[in-house]
Structures are given as C-alpha cells and as structure tokens.
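A.B. asks: Quick one: the structure is below, and I'll ask about it shortly.
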Amino acid sequence: MLAWEQGYKIGQWEMDAEHLILFSLLNQLDININADLAEECVHDVLAALDAYIDYHFAHEEALMKAWGYPGLDQHSALHHQFMNEVGRLREAVKTGDTVRAALKVRGFVLEWLLNHIMETDAEYARFIAEKSKKSSA
Ligand SMILES: [Fe+2]
Ligand SMILES: [Fe+2]
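Its first residue numbered 17, the sequence shown is counted upward by one per residue in the working numbering.
Spelled out as structure tokens, the structure:
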C-alpha cells in the first residue's frame, strides 16, 4: 500500500487533491493486480488511471496558463511524453502477460509521478505562490 506523505504537497490545494487521487488509483491498481481475477480487473483501473491523468494534466495546464507561468510549454511537453510512454506500456498489458505488464505500468507511473510532482509541479506552485503574494501586497 502506497502512503501519501505531507511532503508530496506542493501547496496548490486543488492540485494536491488531484495528486492524492492519482495515488489512490495506483493503490487500486495494486489491489487489482493482486486480485484473483487480476487479468480482468487491471484493465478497468488502468483505463480509470489514464483518464484521470488526462484530466489532471489538462486542469494543471489551464492553471499554469491562467497564471501566465513561463514554463508552461516545457511542462506540457513533459506531460505529453509521459502519456505517450504510458500508452506504449498499456499496449503490452493488452497483448502480453497482463499482470507483469501492469506491474511495469505501476512502477513507471509511480516513479515518474513522484519526481514530477516534487520537482516540476513544485516549480509552478512556487511561481503562483510568489505571484499571488505580490498581487495581494
Ligand atoms: Fe501534477
Ligand atoms: Fe505536471
């Protein structure tokens, strides 16, 4: 079971809440990987994870745009690269050994997400925090 830690918070509450949901979906993926009917179960949760990642990225990019964040293009490019890689790994889930392939997806998403949240997402959060401090001063 993955535990969400306070240190993963970037200080933008909506985005923190969405990151927490992504974590919950990864936990659900773990549960489904270990279920008796793992083969059938993992597809649904992977589809949900995919859809939620899509939603979160769009929401995050809209937030960065609204604040005039200068690193938006670079950040979006990282999101796209990640989605492409997840798409590639998901192909293997459909065609190969489902459980093994799903574990690969899980490992890749977890590692990427943690690094991305703590480094790349934290950067726009700092920018927004600074900008809102200035505008309210
Ligand atoms: Fe994010
Ligand atoms: Fe991001």
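Quick reminder that beta carbons are idealized off the backbone N, C-alpha and C, glycines included. Owing to the predicted nature of the structure, the values given are computational and were not obtained by experimental measurement.
Quick one: give me the first and last residue of the alpha helix (DSSP H) that Gly103 is part of.
C.D. replies: The count along the sequence shown starts at 1 and reaches residue 103 at position 87. It spans 88 to 111 - the alpha helix (DSSP H) in which Gly103 sits, taken as one unbroken run.
A.B. asks: Hey, how far is the Cα of Lys147 from the Cα of Met80?
C.D. replies: In the sequence shown, residue 147 corresponds to position 131, counting from 1. In the sequence shown, residue 80 corresponds to position 64, counting from 1. Approximately 12 angstroms, taken between the alpha carbons.
A.B. asks: Reducing DSSP to helix, strand and coil, say where Ile144 ends up.
C.D. replies: Within the sequence shown, residue 144 is the residue found at index 128, counting from 1. Ile144 falls in the helix class under three-state DSSP.
A.B. asks: Work out the CA separation of Asn100 and Ala67 for me, nearest whole Å.
C.D. replies: Position 51 of the sequence shown, counted from the start, is the residue given in the question as residue 67. Position 84 of the sequence shown, counted from the start, is the residue given in the question as residue 100. Computed Cα separation, rounded: 13 angstroms.
A.B. asks: Where do the ends of the alpha helix (DSSP H) carrying Lys37 lie?
C.D. replies: Translated into the one-based positions of the sequence shown, residue 37 becomes position 21. According to the sequence shown, residue 37 is Ile rather than Lys. Per DSSP, Ile37 belongs to the alpha helix (DSSP H) from 29 to 49.
A.B. asks: Using only the heavy atoms of ligand 2, determine whether one of them is closer than 7 angstroms to the beta carbon of Ile137.
C.D. replies: In the sequence shown, the residue the question calls residue 137 occupies position 121. The question names Ile, yet the displayed sequence has Asp at residue 137. Yes.
A.B. asks: Is Glu56 near ligand 2 - that is, is its Cβ less than 7 angstroms away from at least one heavy atom of it?
C.D. replies: Position 40 of the sequence shown holds residue 56. For ligand 2, not one heavy atom lies less than 7 angstroms from the Cβ of Glu56.
A.B. asks: Could you tell me if the beta carbon of His35 falls within a distance shorter than 7 angstroms of some heavy atom in ligand 2?
C.D. replies: For the purposes of this step, residue 35 is identified with residue 19 of the sequence shown, where counting begins at 1. The answer is no for His35.
A.B. asks: For the structure I just gave you, are there three or more beta carbon pairs, one from the stretch 45 to 65 and one from the stretch 101 to 121, closer than 8 angstroms?
C.D. replies: Segments in contact, yes.
A.B. asks: Taking the continuous alpha helix (DSSP H) assigned at Ile69, which residues delimit it?
C.D. replies: Indexing the sequence shown from 1 puts residue 69 at position 53. That run of the alpha helix (DSSP H) goes 54 to 82.
A.B. asks: Could you work out which residue in Lys120, Tyr85, His59, Ala64 is closest to Ala138 when comparing CA atoms only?
C.D. replies: Walking along the sequence shown from the start, residue 138 turns up at place 122. Answer by Cα proximity: Tyr85.
A.B. asks: Taking Leu42 and Leu18 to be in contact with their CB atoms under 8 angstroms, please state how far apart those CB atoms are, rounded to whole angstroms.
C.D. replies: One-based indexing of the sequence shown puts residue 42 at position 26. One-based indexing of the sequence shown puts residue 18 at position 2. Right, their Cβ atoms sit about 6 angstroms apart.
A.B. asks: To which residues of the same chain is Ala118 closer than 6 angstroms at the C-beta, ignoring the five residues directly before and after it?
C.D. replies: Here the question's residue 118 lines up with position 102 in the sequence shown. Cβ neighbours of Ala118 beyond the five flanking positions: Ile49, Val58, Val109.
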